[in-house]
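Everything on this sheet refers to the single structure shown next.
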Amino acid sequence: MQHKDSTRRQFLGLAGGAAVLGAVPIVTIRPSEATPAELASAIRSVTNGAQVRTGKVKLDVPPLVENGNTVPLTVNVASPMAPEDHVRSIHIFNEKNPQPNIGNFHLGPHSGRAQVSTRIRLADSQKIVAIARLSDGSFWSATADVVVTLAACTDEVI
Amino acid sequence: MTSALINVPAKAKRGDIIEIKTLMSHIMETGYRHTATGEVVPRDIITSFACRYNGTEIFRADLFPAIAANPFITFFTTATASGKFEFEWIGDNGFSETASASITVE
Amino acid sequence: MRLAGLIALSALLAVDAAGAEIPQAERRSGYSFMAPDTRAMQDDDTTNPGMLWVLDGEKLWARRTGVTNKACADCHQDARASMKGVAAHYPAYDKALGRPVDLEQRINLCRTDQQQATPLPYESRELLALTAFVAQQSRGAAIEPGSDPQLAPFVAKGRELFMQRQGQLNLGCTNCHDENWDKRLAGSAITQGHPTGYPLYRLEWQSLGSLQRRLRACMTGIRAQAYDYGAPELVELELYLMSRAKGMRLEAPAIRP
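Here the protein sequences come in this chain order: A, B and C.
The number in the numbering used here is simply the position in the first sequence, starting from 1, with 1 added.
The number in the numbering used here is simply the position in the second sequence, starting from 1, with 778 added.
The number in the numbering used here is simply the position in the third sequence, starting from 1, with 11 added.
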């Protein structure tokens, strides 16, 4: 199998096999997931217990992503973005990463359009929640479920 | 070696709503990964991003480890006057970078 | 899950087929296997994170270094003119060494011979940045390797490596990338393995990386021991892959999942 002039070390049965595996450090300790209680608590820290209604918010994230390390995400909130009626902030949360927060984005009437895009990490298939805080103190939300597929051949070292 | 990639329209009409796109070089190490020997790789992320337009803050973001490496953030603003956009990224281990872009508003 | 994927792969490839090469008309860039969101990331330079390395490379191109205190630009001037199309011809035959060198090795030869500076480590930000900056000047150019007849034996060696079964899974590159490119492996599309976009930004890596890094990952995937960075075998494989992709358009810096 090997080239005569190969610069690769010869494969030496079991011992060699162990060495091959040993040469590729792989994460063996899985970080713990955020619990539903942690997600609820993270949301409460933004809303202070106020009611969160469904609507106004559009959360655009691919339902099936090719790699959980880099997932494009856009949040758009239907708002006139006028001094008397605008979006003050947008908050994005997740269900199953080690930590429930993803990002907080602070806007104002000068923004013109209540829309932000970013790229996020998803440790697993899960639910994403986007919450908008409006200038009248109301909170609106949207959720999306994302399926994260697994890469086949990877060389992740840590 | 750090680079920022900023995209702001060079020209706009007064009152136009313009999109600003930003990319910043950063590993965004989560602090949740382990080496093969079990040691935690320490967290090293950008925690804050802000944009000022002629000195006034128009956008701010708090970032967490779930933001992907080389943070990409886009947002909108209303073109009000010619001048300068200043961008600032602040993070762990004293990370602090700035960039700027100018716009002509007619 | 990953192991399950590999078992599925082994089962998929258990039937031994003779290495059927892909007809010219059916060749497809990895780009065409990607989801629309991932394609969009590559299509727009203001959203393509690979451009961060191109920007760094542009700075390095003009930076003086080494004993001679020369910058790339001092000899090659404006890369937009001098490097246009160059990456489409790599790996290229180096007469002094008597073997092909890839773009990364060529940059390091320039460093050691002309600038009298230390070579940059493989996968270092600096080497990836310079390579990305040079490769970007060939965007859209048709891949055209191997005009030097002295390359022929190295292309043949690369082809032999591509066809050869290896590793604990006993697979050759050809078993996936010639014979099963229209199928899926775990969640990923099996592509035809054309190196049209290197160095490229992999979402998995969250970084730019070289073709050698990708080849090494493939070898690890089939549970073979990967060749060391810079090994002649990796350059021969790169050379064969470029000859196999002859005429296809360069996309560097591309995005891949």
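For every residue, glycine included, the Cβ atom is placed at its ideal position computed from N, Cα and C.
On a predicted model such as this, the values are computed, not experimentally measured, just so you know.
Beta-carbon within less than 7 Å of residue i's beta-carbon, same chain only, minus the 5 sequence neighbours each way: which residues are those?
| i | result |
| --- | --- |
| Gln127 of chain A | Asn95, Glu96, Lys97 and Val147 |
| Ile784 of chain B | Thr800, Phe865, Ala877 and Ala879 |
| Thr4 of chain C | Outside the shown range of chain C, which is 12 to 268, sits residue 4 of chain C, and nothing can be said about it. |
| Phe173 of chain C | Gly183, Cys184, Thr185, Leu248 and Tyr251 |
| Asn105 of chain A | Ser90 and His92 |
| Leu71 of chain C | Glu137, Ala140 and Leu141 |
Apart from the five residues on each side of it in sequence, which residues of its chain come closer than 6 Å, Cβ to Cβ, to residue i?
| i | result |
| --- | --- |
| Asp9 of chain C | Because residue 9 of chain C is not part of the residues shown, which for chain C are 12 to 268, the question remains open. |
| Gly151 of chain C | Arg260 |
| Thr834 of chain B | none |
| Arg830 of chain B | Glu864 |
| Ala128 of chain C | Thr76, Gly77 and Arg122 |
Please go through the same chain and pick out, in chain order, the residues whose beta-carbon is closer than 8 Å to the beta-carbon of residue i, but skip the five residues on each side of it.
| i | result |
| --- | --- |
| Ile154 of chain C | Ala99, Thr207, Met253, Ala256, Lys257, Gly258, Met259, Arg260 and Leu261 |
| Ala782 of chain B | Thr800, Leu801, Met802, Ser803, Phe865, Trp867, Glu875 and Ala877 |
| Ala859 of chain B | Arg792, Asn832 and Val883 |
| Gly809 of chain B | Val818, Val819, Pro820, Arg821, Asp822, Ile823 and Pro843 |
| Asn59 of chain C | Met52, Gln53, Tyr212, Pro264 and Ile266 |
Could you tell me the alpha carbon to alpha carbon distance between residue i and residue j, rounded to whole angstroms?
| i | j | result |
| --- | --- | --- |
| Met94 of chain C | Ser149 of chain C | 7 Å |
| Ala133 of chain A | Phe140 of chain A | 6 Å |
| Pro34 of chain C | Gln203 of chain C | 11 Å |
| Val97 of chain C | Arg792 of chain B | 45 Å |
| Thr780 of chain B | Gly68 of chain C | 11 Å |
| Ala79 of chain A | Thr55 of chain A | 12 Å |
| Gln3 of chain A | His92 of chain A | Since pLDDT at Gln3 of chain A reaches only 45, below the 50 mark, its modelled position is unreliable, and no value is offered. |
| Arg110 of chain C | Gly241 of chain C | 12 Å |
| Ile836 of chain B | Arg114 of chain A | 12 Å |
| Thr79 of chain C | Val76 of chain A | 53 Å |
| Arg267 of chain C | Pro63 of chain A | 16 Å |
| Gln88 of chain C | Ala265 of chain C | 25 Å |
| Phe854 of chain B | Arg74 of chain C | 36 Å |
| Ala828 of chain B | Ala90 of chain C | 34 Å |
| Asn70 of chain A | Asn871 of chain B | 23 Å |
| Arg50 of chain C | Thr48 of chain A | 37 Å |
| Ser118 of chain A | Tyr133 of chain C | 33 Å |
Could you confirm whether any beta carbon from chain B is found closer than 7 Å to the beta carbon of residue i?
| i | result |
| --- | --- |
| Phe106 of chain A | yes |
| Met62 of chain C | yes |
| Val117 of chain A | yes |
| Pro37 of chain A | no |
| Leu131 of chain C | no |
| Leu22 of chain A | Its pLDDT being 35, under 50, Leu22 of chain A is placed unreliably in this model, and the value from its coordinates should be taken loosely. Not one chain B Cβ lies under 7 Å of Leu22 of chain A. |
| Leu141 of chain C | no |
| Leu138 of chain C | no |
| Gln147 of chain C | no |
Establish whether the CB of residue i and some CB of chain A are separated by less than 7 Å.
| i | result |
| --- | --- |
| Asn838 of chain B | In the sequence on display, residue 838 of chain B carries Arg and not Asn. Yes, because at least one Cβ of chain A sits closer than 7 Å to the Cβ of Arg838 of chain B. |
| Thr780 of chain B | no |
| Gly151 of chain C | no |
| Ile823 of chain B | no |
| Leu245 of chain C | no |
| Thr882 of chain B | no |
| Glu866 of chain B | no |
| Phe853 of chain B | yes |
| Phe873 of chain B | no |
So, with DSSP's three-state summary, where would you put residue i?
| i | result |
| --- | --- |
| Phe842 of chain B | coil |
| Asp146 of chain A | strand |
| Arg38 of chain C | coil |
| Arg122 of chain C | helix |
| His804 of chain B | coil |
| Arg255 of chain C | helix |
| Gln236 of chain C | coil |
| Glu215 of chain C | coil |
| Gly169 of chain C | helix |
| Val786 of chain B | coil |
| Gly241 of chain C | coil |
| Ser112 of chain A | helix |
| Gly178 of chain C | coil |
| Phe106 of chain A | strand |
| Glu249 of chain C | helix |
| His188 of chain C | helix |
Would you say residue i reaches chain C, if we count a Cβ-Cβ gap shorter than 7 Å as a contact?
| i | result |
| --- | --- |
| Thr150 of chain A | yes |
| Ser803 of chain B | yes |
| Leu783 of chain B | yes |
| Asn848 of chain B | yes |
| Pro99 of chain A | no |
| Lys789 of chain B | no |
| Asn70 of chain A | yes |
| Lys799 of chain B | yes |
| Pro63 of chain A | yes |
| task | Could you pull out every unbroken beta strand (DSSP E) segment of at least 3 residues lying fully inside the segment 41–69 of chain A, listed in chain order? | result | For the segment 41–69 of chain A, the full-length beta strand (DSSP E) segments reaching 3 residues or more read 53–55 and 58–61 along the chain.
| task | Write down every uninterrupted run of the beta strand (DSSP E) in the segment 37–103 of chain C whose length is 3 residues or greater and which is fully enclosed by it, in chain order. | result | Along the segment 37–103 of chain C, the beta strand (DSSP E) does not occur as any fully enclosed run of 3 or more residues.
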